Each structure stands twice: as structure tokens, then as C-alpha cells.
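Data first, discussion second: the structure below is written as C-alpha cells.
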RNA sequence: GAGGCAUUGGUGUAGUGGCAGCACAGCAGUUUGUGGCACUGCUAGCACCGGUUCAAAUCCGGUAUGCCUCC
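In full-length UniProt numbering, the protein residues as written are 1 to 382.
Given below as C-alpha cells:
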């Protein structure tokens, strides 16, 4: 992998770049649509390409469970397996430490929405374990969400699996922490994540795949700074910024402000798991090159379409009589072909085609939005 | 013509004298490195008229409607 910065903004930390891999180039900043189990849910690979998606991210933990990395390896790697010839990343399984652990226990996501009342006694204290998995200095003992069997994954296991899966860019195994964790918990967790980061570099057998290190530290300034400094000092090919991002857009901006200036400018920066439309400009201005997000696909399957004025809930009966396209300004296949009325009908009738069409539109819409932001950096207005 | 049985939100049902419950539909909201169709609210009902009772969807009488049986 090679990363070339084409232009640096004079107004912000934003930069325009190109990421070169053996499966082609990615113009950055770029959205990375999520293909957890080697598919953008509801779309074929050709359809995903037609949404202007340049690169996808799949998931080590989920592919390990099904179909297993042996199948992927014998298929000639994930690109061939899923018929996607553009660049691909795999997330390491670090997010599942959270989503199947404290995230599942507390039903709180990585961004804390309700502030008063949640902090205090319910905080996750140092040395506590989630209900359904066990985190030690060596790695994590998970319970399979499929059949309940135990499985262990640590830095070495994750890297080995990711090498067999064969994406262009892989991530270090980390612990994504909960926004409810107290400082003392984060201090311990960060130590682990840092030890694991080194272990991942050591476990890597070849340099055909780029390996990104992940910065943690929750919403604590000094811990984020420490993590950024430490991960930056290691020979990673790029950076992921992970973990909880506070409880407001301001906190997310602060966390990025503490972190990014400590990272080597030559290496790409990926913000893990963020990407509402309203977040994108801020995130890009703070110096992020790549960001993945389930929102366009997840919301699409639930009937929410993102359009110029905001979002539409196509489950609402008022759209049944609406003969307009989702978005008059959008030139995607869905907007050029189908009415809101028809899409509304599909959702109300629970026809799976509705999910596919909204997934398509949302990805096209998000990718176009980022394209416009790239154009703005080029013109010097962002 | 006579007798029997039934009638509970829009739909399907639970409730044998003590706050009328459930499911679906309808309406609205939530979803940020995806545990695949989720979650959270809200709306809406005892066919009608009388009687018994502290208290009736529930017991009694009548009316309406539907189904069944007999002449």
C-alpha cells in the first residue's frame, strides 16, 4: 500500500489523497461502506460498485465464525470469494470485544446519548468483566453468537485470520471500550491495547497487507494523547481511531483534535465507525482520510432514505401518494427509476427489494456527498 | 314459525362477578469499527336497551345481527 497526499487544506487539517493498493486506488477522504460478512447487505458486488463505493470493510470475527478463514483462503482470498476487485479492509474483531461484551450488557453504544443518570454507580469499574466474555492480557474469550461455543481471539489469532482472509488493509486487534467505563478501567485497557498493538506487528508474516494500529483512550485527553503518541511510534502503515467518542459532537471533535496532530502526516488515518452525514465535514476537516459506517446500509434496510433536506422514513403512509423520486437532485439508479410511492409500498409490504433500493440510494448519496467534500478541498474551500 | 349457540379496539382473540389483556394492523420515535428484518412509545374495544348486585364483558330479561337444528 502506498499513500500519497495530493493537497493539504490551508483552512483546516483536511487533506486530499490517494491510497494505492494492489486492487486499485482510493481517493481520500472516503467513506468505507460496511460489508461485515463479505457482502454489502442486500447488494451484489456489481451493485455496490455502482454506488461509487471505492473500498469496503469486512469483519474478522464474523468471517472467522462463518464461513471460516480456511474457506476464504481456499477461494483465493476474500476479493475472489465475494467478487469484489476493488480495495478491501478487515476490522480486527476489536469492536466485537465491546459489542458482544459491555455493549451488550449495558445496551449503550460507543457514543453515549443520555448523560445524566447513567454515570455514577453503574460505571464500569477497573477489573470488571462483561457477562458473556472474558478479557485478559492475552486476548478475549468470546462466546459464539451462533452456537454459544467458546472461542479465543487475541492479537496473534486476529492477524493470522486476517492474513488468511486476504484484505488489502488489516487492523490491529484492540479493545474498543465503553463510554461508561471509568478512567481506571480505561488505563488498564489501554495498556492491553498497546501490548496487543506490538504483538500484532510481530505476528505479521508478510507486508503484502497494510496494517493499521488503533488508538484508544476513551474521552480522556491525556490517555488519547498517550495512545496517539505510542501507536505513532510503531511501524504501522496507517492509523485507526477507535473506542468511545464521548457523548456529543463537540467531544468527538475534541478527541480528534487531541489525537490527529500527534500522528505522522504521511500515513492514512481511519476513523472507526463514524459517519452520519452531518459528521462528515467536521471529521474530514479534523484530518481524517477514511471512515466506515453502518448508517447508510443499516438505515436503508429500516426504510430511512437520506436526501438533500434530511431523511425520509419510507414506512410512513404519506409517501404512498408521493410520485416524486427520493431526491430530485440525485442521479442514482433508484432516483432516476422509482417513485417514493413505490418504495413506500415495498416497505409497507415488507418486500426485500425496498431494502436493496434504499441501500443503493443511501450509499450513492453518501459517496456523492464525500465526493463533493473532496472537490471542496481541491478548490480550497474546506 | 319454534328452539339452540354466538356477538370484546380495524382484524384475530383472552378474560365465569372485583382496575378489559395479548397479537397483528395503524401512528410516531430510536439506530455511528452491524449479534439480518430490531427496539421504544402511542392510538383504538365489551352489539343495543333495561334489570339484579357494593360491584356486570361475565348473571337475568328483551332487541338486533349471524350461524345451526327442527316443523
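Virtual Cβ for every residue (Gly too), placed ideally from N, Cα, C.
As the structure is a computational prediction, the values presented were derived from the model and not from experiment.
Item                                                                                                               : Value
For residue 107 and residue 153, the rounded distance between their alpha carbons                                  : 23 angstroms
Residues near residue 124 by beta carbon distance below 7 angstroms, same chain, minus five either side            : 102, 178, 180, 181, 182 and 185
N-terminal and C-terminal residue of the alpha helix (DSSP H) that residue 105 is part of                          : 102–106
Entirely enclosed alpha helix (DSSP H) segments - the segment 109–197, minimum 4 residues                          : 155–165
Short Cβ contact (9 angstroms threshold) for residue 334 with residue 298                                          : no
Nearest-angstrom Cα separation, counted from residue 211 out to residue 379                                        : 32 angstroms
Candidates 168, 304, 352 and 259, of which the one nearest residue 80 by Cα                                        : 168
Backbone secondary structure at residue 283 - three-state DSSP                                                     : helix
Classification of residue 117 by the beta-carbon crowding that lies within 10 angstroms, buried from 16 upward     : Its pLDDT being 44, under 50, residue 117 is placed unreliably by the model, and the measurement read from it follows with that caveat. The residue is exposed, with fewer than 16 neighbouring Cβ atoms inside 10 Å.
Anticipated Cβ contact below 8 angstroms, residue 269 with residue 241, distance rounded                           : 7 angstroms
Outcome for residue 331 when other beta-carbon atoms lying within 10 angstroms are tallied against a minimum of 16 : exposed
Cβ shell of residue 141 (< 7 angstroms), same chain only, five flanking positions each side left out               : 133, 134, 150 and 152
Euclidean distance between Cα positions of residue 90 and residue 162                                              : 7 angstroms
Uninterrupted beta strand (DSSP E) stretches inside the segment 238–278 (no shorter than 3 residues)               : 238–241 and 269–271
Stretch pair the segment 60–68 + the segment 312–322: three plus CB contacts closer than 8 angstroms               : no
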